[in-house]
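Under our numbering, the letters of the sequence shown match residues 9 to 292, in that order.
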Amino acid sequence: MDPETRELRVLEAEVAALQRECRMLQKSVEKTSGARKSFQKTSQTDSGKSLTDLESQLGRLRSELSFLSKLTGINIRNYSKVEDTVNTEVTEKDTKKVLQRHRLSGNCNMVTFQLEFQVLEIETEGKLSSIITDLSIIMEPTEYSELSEFASRAEEKRDLLWFFRSLHFFVEWYEYRENTFKHFKEKYPDSVYLSEGTCSHCMEIHSARQPGFELVIVWRIQIDDEGKVFPKLDLLTKVPERAMELDKNRVIETAPLSFRSLLGVLGIEAALDSLIRLFSAENN
């Protein structure tokens, strides 16, 4: 075989080998591309499922939040949190302290509130504990004097659960007292006076025929240490000294105690109505 023929066959063999390598490379590329497309399809499906699940979960959370807002009357409008690592102590036990600064605002019916508080989280050997180190509360409208008293007490206790649990019933009693005073002012305009408007905690009953004769209903809203909210109504009498001297049966002196008994029997609205009608009848 001459040299030219031999060289030609060598070149043909190399070309055939290159063609085989190209076919193998093409098959490898096709497999890789197929796997990539399959992975992308699976990822897209999983992402779609995850997104759908998140949207569904978000919808449930919004529904539950709406239900709680309607049930309690408390709406949280804004919230923010900042975390700072206080220090890390390495002794016999690893201790990590994180200080969280929280700020939120919202309303409970007609009352708005702003809260700022700090929570110190202490983690020791995987066990986590937290305490509120500072609490500041601003509540409006400011003309409701008892709101500032309520906020001050909540700040002293540094108990958010106590605050929110009590706030709902506290505001309900405020609205009930305001509506009750408004009702009697409209029903007995010549006898009932509200010196501070319907938001006042006092209602005065004046005698048109006997100047100087007055009854004052003092209606306070109290909260015990467990957060239970309840009304406390007292009756004060304002009468001339001469009338006290002539009251041989001590009717005026015992009137506050009699009023409390009347409250226990009739309830707030019926007791107030009976008292106003009785005082008005005595004036006729």
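In this text, a Cβ means the ideal position worked out from N, Cα and C, and glycines have one as well.
Alpha carbon to alpha carbon, what distance is there between L244 and H191? 21 Å
What does the Cβ neighbour count give for Y152, buried or exposed, with the cut at 16 atoms within 10 Å? buried
Out of curiosity, what's the CA-to-CA distance linking V319 and F125? The question about residue 319 has no answer here: the residues shown for the chain are numbered 9 through 292.
Whole-angstrom distance between S282 and P219, CA atom to CA atom: 21 Å
Range covered by the beta strand (DSSP E) that runs through K246: 237–246
Please report how far the alpha carbon of G114 lies from the alpha carbon of S199, in whole angstroms. 39 Å
Given a cut-off of 9 Å, decide if E204 and N225 are closer than it, judged by their beta-carbon atoms. It is Ile, not Asn, that sits at residue 225 in the sequence shown. Contact flag unset, no.
In the DSSP assignment, find the unbroken alpha helix (DSSP H) run with E234 in it and report its ends. Per DSSP, E234 belongs to no alpha helix (DSSP H) and is neither H nor E.
Residues of its chain near C116, where Cβ-Cβ distance is below 7 Å and the 5 sequence neighbours each way are ignored: G81, I82, L175, H176, V179
Measure the CB-CB distance between I146 and Q122 and report whether it falls below 9 Å. yes
Spell out the partners DSSP gives N295 in its beta bridges. No statement about residue 295 is possible, as the shown extent of the chain runs from 9 to 292 and does not include it.
In this structure, what does DSSP give as the bridge partners for D167? Bridge partners of D167: none, in fact.
Using a Cβ-Cβ cutoff of less than 7 Å, which residues in the same chain neighbour L112 once the five nearest sequence positions on both sides are dropped? I84, N86, Y87, L123
Which complete beta strand (DSSP E) runs does the stretch 172–198 hold, if anything under 3 residues is left out? none
For I139, count neighbouring Cβ atoms within 10 angstroms of its own Cβ and tell me buried if that reaches 16, exposed if not. exposed
Please check the pair F355 and S208, which I expect to be a contact at CB under 8 Å, by giving their CB distance rounded to whole angstroms. Nothing in the structure corresponds to residue 355, since the chain is present only between 9 and 292.
Inspect the beta-carbon positions of R166 and G235 and report whether they are closer than 9 Å. no
Along the chain, where does the beta strand (DSSP E) that runs through H214 open and close? 210–214
Can you name the start and end residues of the beta strand (DSSP E) that L202 belongs to? Taken as a continuous stretch (DSSP letters only), L202 belongs to no beta strand (DSSP E), as it is neither H nor E.
Rounded to the nearest angstrom, how far is the Cβ of E279 from that of L265, given a contact under 8 Å? The displayed chain sequence assigns Ala, not Glu, to residue 279. A279 to L265, Cβ: 13 Å. No contact.
Between the Cα of S137 and the Cα atoms of L128, L143, F158, which residue gives the shortest distance? L128
Leaving out the 5 sequence neighbours to the left and right, which residues in its chain are closer than 6 Å to E100 when beta-carbon positions are compared? Interpretation of E100 is limited by its pLDDT of 46, a score under 50 that renders its predicted location unreliable; no figure is taken from the coordinates.
Buried or exposed: which applies to V273, given that a residue is buried once 16 or more other Cβ atoms fall within 10 Å of its Cβ? exposed
Indicate the three-state DSSP secondary structure (helix, strand or coil) for Q126 in the structure shown. strand
Hey, is T262 close to the ligand GTP, as in C-beta under 8 Å from one of its heavy atoms? Here there are no bound small molecules, and the ligand GTP is not part of this structure.
Distance, F158 Cα to Y182 Cα: 12 Å
Residues near F221 by beta carbon distance below 6 Å, same chain, minus five either side: S215, V247
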